[in-house]
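In terms of the numbering used here, the sequence shown opens at residue 44 and continues consecutively.
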Amino acid sequence: QEIELTMHDGTVRDLCFLEDTSNKSSLLISGGAGDCKIYVTDCATGTPFQALSGHSGHVLSLYNWGGAMFVSGSQDKTVRFWDLRTRGCVNMVTPATVPGSR
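Okay, here's the thing in structure tokens:
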């Protein structure tokens with residue numbers, strides 16, 4: 044099935060997939076330029092059902108290691124940890140919080 048990511052108003056920079064074990068569905072996580080949001084789309088229906096806000100710069104990277112959590116990196120120099128169970132950011136790393144940074 045082809046899914047067009049029309050919710051983004053800029054270039055899509057990265058994608059990652061999550062298996063939602065509670066609903067037995069696959070989710071597509073997408074982020075990029077424009078509105079600096081991360082969108083969660085149901086792969087079965089192609090319907091975006093969640094927009095995550097928090098970054099103030101373009102979303103450049105996304106990564107999921109399994110489960111309901113994923114991480115995003117942004118041009119705003121932050122890394123955010125997201126949990127889809129709480130539908131929000133649960134932790135943020137900034138350059139000032141990285142050991143050895145100045």
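For every residue, glycine included, the Cβ atom is placed at its ideal position computed from N, Cα and C.
Please read all numbers here as calculations on a predicted model, not as lab measurements.
- Note: R123 is bridge-paired with S115 and M135 in the DSSP secondary-structure output.
- Comparing alpha-carbon positions, the option among V136, C132 and G77 lying closest to T49 turns out to be G77.
- For S96, no beta strand (DSSP E) segment is defined, and its DSSP state is neither H nor E.
- Residues of the same chain with a CB within less than 6 angstroms of the CB of L58, apart from the 5 flanking positions on each side, are S73 in chain order.
- Under the DSSP assignment, R56 falls in the beta strand (DSSP E) whose first and last residues are V55 to D63.
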